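K.L.:
For reference, the structure I am asking about is given below.
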Amino acid sequence: MASLAPVHLFSHGSTMMLGEPSEAADYWKRAGDEALAAGVKGIIMMGAHWDANGDRIEVATNPKPEKSPVAYVHPSKYADYPLKPDLPTAQRCINLLQGAGFDASGNDKFDWIHDTYLVLIRMFPDPATCPPTTLISMNARFDPHYHVKVGAALRPLRKEGYLIIGSGGAVHNLYRNRWLPMLRYSDNFAQESPPEPWALEFRQAVEDVLTRNSGPQLRRAATRLMKHAMYRDAHATDDHFMAVLFVAGAAGDEEDTGVSGKLMAETWELTNMCNSQFTFGGWPATAKVA
Ligand SMILES: [Fe+2]
Numbered sequence: 004m005a006s007l008a009p010v011h012l013f014s015h016g017s018t019m020m021l022g023e024p025s026e027a028a029d030y031w032k033r034a035g036d037e038a039l040a041a042g043v044k045g046i047i048m049m050g051a052h053w054d055a056n057g058d059r060i061e062v063a064t065n066p067k068p069e070k071s072p073v074a075y076v077h078p079s080k081y082a083d084y085p086l087k088p089d090l091p092t093a094q095r096c097i098n099l100l101q102g103a104g105f106d107a108s109g110n111d112k113f114d115w116i117h118d119t120y121l122v123l124i125r126m127f128p129d130p131a132t133c134p135p136t137t138l139i140s141m142n143a144r145f146d147p148h149y150h151v152k153v154g155a156a157l158r159p160l161r162k163e164g165y166l167i168i169g170s171g172g173a174v175h176n177l178y179r180n181r182w183l184p185m186l187r188y189s190d191n192f193a194q195e196s197p198p199e200p201w202a203l204e205f206r207q208a209v210e211d212v213l214t215r216n217s218g219p220q221l222r223r224a225a226t227r228l229m230k231h232a233m234y235r236d237a238h239a240t241d242d243h244f245m246a247v248l249f250v251a252g253a254a255g256d257e258e259d260t261g262v263s264g265k266l267m268a269e270t271w272e273l274t275n276m277c278n279s280q281f282t283f284g285g286w287p288a289t290a291k292v293a
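Using my numbering, count along the sequence shown one by one with no gaps and you end on 293.
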């Protein structure tokens, strides 16, 4: 079997995950270090803040994207970080998606949002080391099977050393977070009370599905999570869950059977938001990816 780059599911949490240290951020850095040591060819990422309407899916092709501002974080932590759009790989992604039947096209106007560059800054704090990056939109119908298929269509790029990342959230319901300590004291990690039962329940369901399934079973189990009794409590909107499906598509081929996800780090924020970090597979231990 060809060497495969790993796949990450990162729960990016609130914007303050860029400004404050955390276990999750430490893991993002470690994941970046490991990617660089392995000679990562590029990053291919689906976030949670960009969706295309109708049947469409888009790939970022803006050669000089701006950054949307990051609330509650000083601009010095991100404003000067250079973004590195990977236009040749973007075109390859468009071709792969079109080949899989998607209505895929480039978007040369899209400016990047913190769901993706927050993670890149944490993974590669030295901007000179940040690999060229390709961003993939979601589709605004938030169909789980559609997003699994997107991940599956791009999976072959893992064999070339591309690192596929889904940036979303395990438990991410902004309407049920407790914002007061953040608004009053800039403390996003205050846990004045334990997470509520629905948050704990769904967080456990995500861990169970991702760490106890592999291959096509992973894909099926991940899609079923949207029917979980606590899903709508954990995700008031579907946008931050699509990364789970994208990752299941990229890491859930027959060839991936036996490679389940591993929960590598976790940071609770705002009482009820669970920022779980999962990784499927690992870099080849022997040599850089060809
Ligand atoms: Fe987000």
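Note that beta-carbon positions come from the ideal geometry of N, C-alpha and C, so glycine has one too. Quick caveat: nothing in here was measured; it's all calculated off a predicted structure.
Mark H117 as exposed unless 16 or more other C-beta atoms lie within 10 angstroms of its C-beta, in which case mark it buried.
P.N.:
Buried.
K.L.:
With a cut-off of 8 Å, do at least 3 Cβ pairs link the stretch 41-49 to the stretch 85-101?
P.N.:
Yes: the two stretches touch, three or more of their Cβ pairs being nearer than 8 Å.
K.L.:
Report the option in W115, S217 and D106 whose CA atom is closest to the CA atom of P88.
P.N.:
Answer by Cα proximity: W115.
K.L.:
Can you tell which of P9, N142 and R222 has the C-alpha that lies nearest to the C-alpha of A51?
P.N.:
Cα-wise, what sits closest to A51 is N142.
K.L.:
At a cut-off of 7 Å, is H52 close to ligand 1 when judged by its beta-carbon and the heavy atoms of the ligand?
P.N.:
Checking every heavy atom of ligand 1 against the Cβ of H52, one is found closer than 7 Å.
K.L.:
If you drop the 5 nearest sequence neighbours on each side, which residues of the same chain put their C-beta closer than 6 Å to that of L213?
P.N.:
Here the set comprises G264 and F281.
K.L.:
Does the beta-carbon of T136 have 16 or more other beta-carbons within 10 angstroms, so that it is buried, or is it exposed?
P.N.:
With 16 or more other Cβ atoms within 10 Å, it is buried.
K.L.:
Is H15 a contact residue of ligand 1, with contact defined as CB to any heavy atom under 7 Å?
P.N.:
Yes, the Cβ of H15 comes within 7 Å of a heavy atom of ligand 1.
K.L.:
Any heavy atom of ligand 1 within a distance shorter than 7 Å of the CB on D118?
P.N.:
Yes, the beta carbon of D118 sits closer than 7 Å to at least one heavy atom of ligand 1.
K.L.:
Would you say H150 touches ligand 2, meaning its beta carbon is less than 7 Å from a heavy atom?
P.N.:
Annotation note on ligand 2: not contained in the displayed structure, which lists ligand 1 as its ligands.
K.L.:
Hey, H175 and H243 are a contact pair by Cβ (cut 8 Å); roughly how many whole angstroms apart?
P.N.:
Indeed they touch by this definition, with Cβ atoms about 4 Å apart.
K.L.:
Compute the Euclidean distance between the alpha carbons of R7 and G164, then round it to the nearest angstrom.
P.N.:
The sequence as given places Leu at residue 7; Arg does not occur at that position. Using only the alpha carbons, I get a separation of about 7 Å.
K.L.:
Note down the Cα distance separating A156 from F249, rounded to an integer number of angstroms.
P.N.:
Roughly 10 Å separates the two Cα atoms.
K.L.:
So what does DSSP say about S14, is it helix, strand or coil?
P.N.:
In the structure shown, S14 sits in a strand (DSSP, three-state: E or B).
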